[in-house]
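Beneath this line is the structure, given in structure tokens, with notes to follow.
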Amino acid sequence: MQKINKTTYALAVVLVLAATTAWSNLSSYFTEKEEVAVVSTDESNSFLSKITEEFKKIENKDDKATIYKLFAGAASYLEVCESLDGTYQFDPILARVQNSYGWNREKYPDFTDAVSNYLVDVNYDDPKPLTTKQERLDFAKIFKNLAEATKHE
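For the sequence shown, the numbering used here begins at 1 and goes up steadily by one.
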């Protein structure tokens, strides 16, 4: 029997936990839908426009699909996940998922910079609680916006 790579095992555990959490919260997701507070400034819209502009320069359709799925999946997960106490807990999950999806951030530096600038603008790095449904929806909105900016044919 082959040894299971520690990284593969850790990723499998994270994915199982994420799927379990999402599944257990699915019924409340469909029964209680709160409005997402859209805090949009002209500046954040210009950051999203820049993301779309840089995303359109990516020629590889598989890379485009991977990037979109990452952002859309993050938004969907955050909307229903009740196991995170704060935003600080999500970054390690996002990093592991990015690695598992195979998104090479260095491959598209201008796109990566545009995403980073948007995340700074929306204060992604400022720790916030995720104890209420509204807080989760507000945090998920960051990734919904990124998914919207990276929609492709």
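Ideal placement from N, C-alpha and C gives every residue a C-beta, glycine not left out.
Work out the CA separation of residue j and residue i for me, nearest whole Å.
{"i": "Lys61", "j": "Leu70", "result": "14 Å"}
{"i": "Asp85", "j": "His152", "result": "33 Å"}
{"i": "Thr131", "j": "Val122", "result": "19 Å"}
{"i": "Lys128", "j": "Tyr88", "result": "7 Å"}
{"i": "Tyr68", "j": "Ile51", "result": "12 Å"}
Excluding the 5 residues preceding and the 5 following residue i in the sequence, name in chain order all residues of the same chain whose CB lies nearer than 8 Å to its CB.
{"i": "Glu53", "result": "Ala114"}
{"i": "Gly73", "result": "Val97"}
Return helix, strand or coil for residue i, following the three-state DSSP convention.
{"i": "Pro129", "result": "strand"}
{"i": "Gly150", "result": "In the sequence under discussion, the amino acid at residue 150 is Thr, which differs from the Gly named in the question. DSSP places Thr150 in coil when its eight states are reduced to three."}
{"i": "Tyr118", "result": "helix"}
Quick one: what's got a C-beta closer than 7 Å to residue i's C-beta in the same chain, skipping five residues either side?
{"i": "Ile58", "result": "Lys64, Tyr108, Phe111"}
{"i": "Ala75", "result": "Ala140, Phe143, Lys144, Ala147"}
Which term fits residue i, buried or exposed, when burial requires 16 or more other beta carbons within 10 angstroms of its beta carbon?
{"i": "Leu26", "result": "A caution first: Leu26 carries a pLDDT of 38, below 50, which makes its placement in the model too unreliable to give a value."}
{"i": "Glu106", "result": "exposed"}
{"i": "Ala149", "result": "buried"}
4 or more residues per run - each alpha helix (DSSP H) lying fully within the stretch 82-108: 90-101
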